[in-house]
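Those protein sequence lines, which keep their order, are chains V and A.
For the first sequence, the working numbering assigns the number 1 to the initial residue and increments by one for each residue that follows.
For the second sequence, the working numbering assigns the number 1001 to the initial residue and increments by one for each residue that follows.
We put the CB at the ideal spot given by N, CA and C, even for glycine.
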Amino acid sequence: GENVEQHPSTLSVQEGDSAVIKCTYSDSASNYFPWYKQELGKRPQLIIDIRSNVGEKKDQRIAVTLNKTAKHFSLHITETQPEDSAVYFCAASTPLDLYSGGGADGLTFGKGTHLIIQP
Amino acid sequence: DTGVSQDPRHKITKRGQNVTFRCDPISEHNRLYWYRQTLGQGPEFLTYFQNEAQLEKSRLLSDRFSAERPKGSFSTLEIQRTEQGDSAMYLCASSEGTEGNTIYFGEGSWLTVV
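As structure tokens, then:
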């Protein structure tokens, strides 16, 4: 099955600086890579995602890059603000195997990165 | 609010008791997922449904766990003979059901087994 590694586990940056979180995945069949932000006691909320036919995607201060050959993808947050403080999870999704009738088109998550924005 | 809703939000139960959680997915979402999340970890996949059919179960889902989605709409997750190790947040999520669709999570149901 898929295995997702995420680094670092904790990241502390000064307000206004950039933050980068990196993930690697093991299954070359994975084709969808979302990033979720989770505040304490709240649901994971999708902040950006990328599909395997795209190398980079940007949404205001947030960007994600994907290197399919190396099987890694990264989240970049620029001009960080206090409200960016949260736990961020990367995930990878392997498509449903329609021929075997099995295989979860669900998500395999990394262990999370606790991002701390220092004022 | 048309998001994924879960009930109850919090449940404290004694070891050995049974508990049931309910999930109402986003309307017209064909796929419904259950995940479990413990403190400091990412969500772990438990099982998912395509309409009313349960298509996959993780090895994390022991025989004490059962999930249903009888009419292809809401789903229930029952844990029988709860153990302290079952203490976690149980997250429900849904998606439209085509490959690589965005998965939306509910707020979760916190279970504490004492």
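By the CB criterion at 7 Å, glutamate 2 (chain V) and alanine 91 (chain V) fall outside the cutoff. Under the 10 Å beta carbon count, serine 1109 (chain A) is surrounded by 16 or more other beta carbons and is classified as buried. In terms of beta-carbon proximity, lysine 57 (chain V) stays away from the interface with chain A, with every pair separated by 7 Å or more. Secondary structure note for aspartate 1007 (chain A): its beta strand (DSSP E) is the uninterrupted segment 1005-1007. Less than 7 Å separates the beta-carbon of glutamate 1078 (chain A) from that of serine 1066 (chain A).
For lysine 57 (chain V), the CB contacts under 6 Å within the same chain, skipping 5 residues up- and downstream, are Ile50, Val64 in chain order. About 5 Å separates the beta carbon of serine 18 (chain V) from that of threonine 78 (chain V), a gap short enough to meet the 8 Å contact definition. Under the three-state reduction of DSSP, aspartate 49 (chain V) is assigned to strand. When DSSP reads this structure, glutamine 38 (chain V) sits in a beta bridge with V:Val87.
Among the residues of chain V, none has a CB under 7 Å from the CB of glutamine 1080 (chain A); the nearest is roughly 23 Å distant. In summary, leucine 1039 (chain A) is exposed, with fewer than 16 beta-carbon neighbours lying within 10 Å of its beta-carbon over all protein chains present. Judged by DSSP in its simplified three-state form, glutamine 1084 (chain A) adopts helix.
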